[in-house]
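Asker: Below you'll find the structure I mean.
This is the structure:
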């Protein structure tokens, strides 16, 4: 069948339009002011939205702030592997999954290959139990198995597992799962961190890290409370987290201004860089010894309840 | 008659295609869009990187926790018709505006060094210079915020101490 002349004309128009579109996309990075933006926004009948997204670091990022080089690996702090199959309710399994993901990050940060593999297996199994098995698959476990020589990659894999799970839940609209998972992960990271403080007087860095979690719990609680869920397990978990929030709300938030300056060490290949600093130690939140002891007691109580099979 | 028929078909597809481009899933846009051109060696992916749907009329606020003693790179990307992207960094505790990219002709990547931990609100809107009035009111695209980080070098930490 011979194509008609009209088909050629149509094809030519399509190609011309596609080329025009392609040329247009090349202009996207030229910044130009729009002068009538306010006017457009105020047109009657046009809806605009202001969306607020509360974000917080992964457990691996929370723990990686701590200098592990001067600390010893303590397996007794971790939730035992054999307890994983004893959680029955799906939300409690999710809570436990968050805890195990932090334990995975802990083993990865200490470069413990065998333990990391074991905890990743548990994470995979629990993820499958709550139908998010796409997020942590066999390929990820193979990656750990095959990276015995590259122990640094354990950290990246543990981080990737957490990010995959959150992305999967977001994609599939499972906000309660995100809350329970994040709550478990955050609680376990606090539990591990409070146990790393041997002596209040000589644990400056660790105490600062714990105090800085004020910002993390603020963002987490804002996110969790914005859901207004009616899931009883989520409600009970958030009620428990209010105890932590009260302690964090009570600590000194840090005083003094923020300094912003353009960095002097920026080079041509890097984007413009600003340095954001506080004005001295007082600009950061800090924990008194009494506050630290209260925090430690609440964290241990909450965590022991969280890992208990008979909740 | 056949030419008119072809033009109808063509017009139909031209109407449909931009809508599809605008309404894709957005969850991983920060890993796929123009943001990936800003990936830097020596930096790690920060888990608070995020993507969301945006129209030219919307504002998105990302509340992000930045740990201290780290360098970060923020990169923003979106659908080609929604550029340039306007973002403002706000101190979450005081509400003070720390930076507005309007002063740098809407640059899309910014390096940040944090001496101390700080929560920031990153307020973003799409100016959509290439969109028509109709697209501005009707179309939604993806907005990606890619955050990369690395620890301060030991030398720099010592200098600060």
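Protein chains in written order, with the working numbering: chain A, 19 to 329; chain B, 3 to 163. For every residue, glycine included, the Cβ atom is placed at its ideal position computed from N, Cα and C.
(1) Is there contact here, the stretch 40-52 of chain B with the stretch 206-213 of chain A, by at least three beta-carbon pairs under 8 angstroms?
(2) Tell me, which residues are paired with residue 68 of chain B by DSSP?
(3) Using beta carbons (cut-off 7 angstroms, strictly below), is residue 98 of chain A in contact with chain B?
(4) Taking 7 angstroms as the limit between beta carbons, can you name the residues of its chain near residue 139 of chain A, skipping five residues before and five after?
(5) Taking buried to mean at least 16 other C-beta atoms within 10 Å of its own C-beta, is residue 321 of chain A buried or exposed?
(6) Would the stretch 80-95 of chain A count as touching the stretch 297-317 of chain A if we require 3 or more Cβ pairs under 8 angstroms?
(7) Would residue 186 of chain A and residue 150 of chain A qualify as a contact pair, given that the criterion is a beta-carbon distance under 7 angstroms?
(8) With distances taken between CB atoms, is the gap from residue 126 of chain A to residue 176 of chain A smaller than 7 angstroms?
(9) Kindly say whether residue 67 of chain A, judged by its beta-carbon, lies nearer than 7 angstroms to any beta-carbon of chain B.
(10) Tell me the start and end of each unbroken alpha helix (DSSP H) in the stretch 24-105 of chain B that is at least 4 residues and wholly inside, in chain order.
(11) My assumption, with CB atoms under 8 angstroms, is that residue 66 of chain A sits in contact with residue 135 of chain B. Please give the rounded CB distance.
(12) By the criterion of Cβ-Cβ separation under 8 angstroms, what are the contact partners of residue 69 of chain B in chain A?
(13) If you reduce the DSSP assignment to three classes, tell me which class residue 343 of chain A lands in.
(14) Where does the unbroken beta strand (DSSP E) through residue 295 of chain A begin, and where does it stop?
(15) Would you list, in sequence order, the uninterrupted alpha helix (DSSP H) runs of no fewer than 4 residues that lie entirely inside the stretch 100-138 of chain A?
(16) State buried or exposed for residue 260 of chain A, treating a residue as buried only when at least 16 other CB atoms are found within 10 Å of its CB.
(17) Leaving aside the five residues before and after residue 69 of chain B along the sequence, list all residues of the same chain whose C-beta is less than 6 angstroms from its C-beta, in chain order.
(18) Scan the stretch 200-264 of chain A and note each continuous alpha helix (DSSP H) run of 4 residues or more that stays entirely inside, going in chain order.
(19) In this structure, does DSSP put residue 128 of chain B in helix, strand or coil?
(20) Could you tell me if residue 190 of chain A is buried or exposed, where buried requires 16 or more neighbouring beta carbons within 10 angstroms of its beta carbon?
(21) Is residue 46 of chain A helix, strand or coil by DSSP?
(22) So with CB distances below 7 angstroms, who are the chain B contacts of residue 188 of chain A?
(23) Of all the CB atoms in chain B, is at least one closer than 7 angstroms to the CB of residue 296 of chain A?
(24) Any beta carbon of chain B sitting closer than 7 angstroms to that of residue 234 of chain A?
(25) Could you check where the alpha helix (DSSP H) with residue 139 of chain B kicks off and where it finishes?
(26) If you measure from the beta carbon of residue 66 of chain B to each beta carbon in chain A, is any gap under 7 angstroms?
(27) Is the Cβ of residue 292 of chain A closer than 7 angstroms to any Cβ of chain B?
(28) So residue 318 of chain A is in the alpha helix (DSSP H); what residue range does that whole segment cover?
(29) Are three or more beta carbon pairs between the stretch 197-207 of chain A and the stretch 106-121 of chain A nearer than 8 angstroms?
Answerer: Once the coordinates are examined:
(1) The stretch 40-52 of chain B, when compared against the stretch 206-213 of chain A, does not touch it at the 8 angstroms Cβ threshold.
(2) Against the second chain, residue 68 of chain B aligns to sequence position 66. Per DSSP, B:120.
(3) Taking the first residue of the first chain as position 1, residue 98 of chain A is located at position 80. No, residue 98 of chain A does not count as interfacial toward chain B.
(4) To locate residue 139 of chain A, count along the first chain from 1; it is residue 121. Cβ within range, chain order: 159.
(5) Taking the first chain and counting its residues from 1, the one referred to as residue 321 of chain A is at position 303. The Cβ neighbour count for residue 321 of chain A, taken over all protein chains shown within 10 Å, is at least 16; the residue is labelled buried.
(6) Taking 8 angstroms as the limit for Cβ pairs, the verdict is that the stretch 297-317 of chain A does not touch the stretch 80-95 of chain A.
(7) Looking up residue 186 of chain A in the first chain gives position 168. Looking up residue 150 of chain A in the first chain gives position 132. Using a Cβ distance threshold of 7 angstroms, residue 186 of chain A and residue 150 of chain A count as a contacting pair.
(8) The count along the first chain starts at 1 and reaches residue 126 of chain A at position 108. The count along the first chain starts at 1 and reaches residue 176 of chain A at position 158. Yes, these two residues count as a Cβ contact at 7 angstroms.
(9) Residue numbering aside, residue 67 of chain A sits at position 49 when the first chain is read from its first letter. Interface residue (Cβ-Cβ distance to chain B less than 7 angstroms): residue 67 of chain A is classified as such.
(10) Qualifying alpha helix (DSSP H) stretches, in chain order: 31-34.
(11) Counted from its first residue, the first chain places residue 66 of chain A at position 48. Counted from its first residue, the second chain places residue 135 of chain B at position 133. In this structure residue 66 of chain A is not in contact with residue 135 of chain B, their Cβ atoms being roughly 14 angstroms apart against a cut-off of 8 angstroms.
(12) In the second chain, the residue the question calls residue 69 of chain B occupies position 67. Per Cβ cutoff of 8 angstroms: 75, 79, 83 and 230.
(13) This structure leaves residue 343 of chain A out entirely; chain A is present only between 19 and 329.
(14) Locating residue 295 of chain A in the first chain gives position 277, where the first residue counts as 1. Residue 295 of chain A -> beta strand (DSSP E) spans 291-296.
(15) With a minimum length of 4 residues, the continuous alpha helix (DSSP H) runs that stay inside the stretch 100-138 of chain A are 108-127.
(16) Looking up residue 260 of chain A in the first chain gives position 242. With fewer than 16 other Cβ atoms within 10 Å, it is exposed.
(17) Mapped onto the second chain, residue 69 of chain B falls at position 67. Excluding residues within five positions, the ones whose Cβ falls inside 6 angstroms are 119.
(18) Those alpha helix (DSSP H) runs which fall completely within the stretch 200-264 of chain A and span 4+ residues are 222-244.
(19) Within the second chain, the letter at position 126 stands for residue 128 of chain B. DSSP places residue 128 of chain B within a strand segment (E or B) once states are collapsed to three.
(20) Taking the first chain and counting its residues from 1, one reaches residue 190 of chain A at position 172. With fewer than 16 other Cβ atoms within 10 Å, it is exposed.
(21) Walking along the first chain from the start, residue 46 of chain A turns up at place 28. Residue placement at residue 46 of chain A is flagged as unreliable, the pLDDT there being 31, under the threshold of 50; a coordinate-derived value is accordingly withheld.
(22) Locating residue 188 of chain A in the first chain gives position 170, where the first residue counts as 1. Chain B residues near residue 188 of chain A: 29.
(23) Taking the first chain and counting its residues from 1, one reaches residue 296 of chain A at position 278. It does; some Cβ of chain B falls within 7 angstroms.
(24) Numbered from 1 along the first chain, position 216 holds the residue referred to as residue 234 of chain A. Among the CB atoms of chain B, one or more fall inside 7 angstroms of the CB of residue 234 of chain A.
(25) For the purposes of this step, residue 139 of chain B is taken as residue 137 along the second chain, with counting starting at 1. Membership of residue 139 of chain B in the alpha helix (DSSP H) is indicated by the continuous run 135-140.
(26) Stepping through the second chain from its first residue, residue 66 of chain B is reached at position 64. Chain A places a beta carbon closer than 7 angstroms to that of residue 66 of chain B, counting this residue as a contact.
(27) Indexing the first chain from 1 puts residue 292 of chain A at position 274. Yes, its Cβ sits closer than 7 angstroms to a Cβ of chain B.
(28) As a working note, residue 318 of chain A is residue 300 in the first chain. That run of the alpha helix (DSSP H) goes 307-325.
(29) These segments touch.
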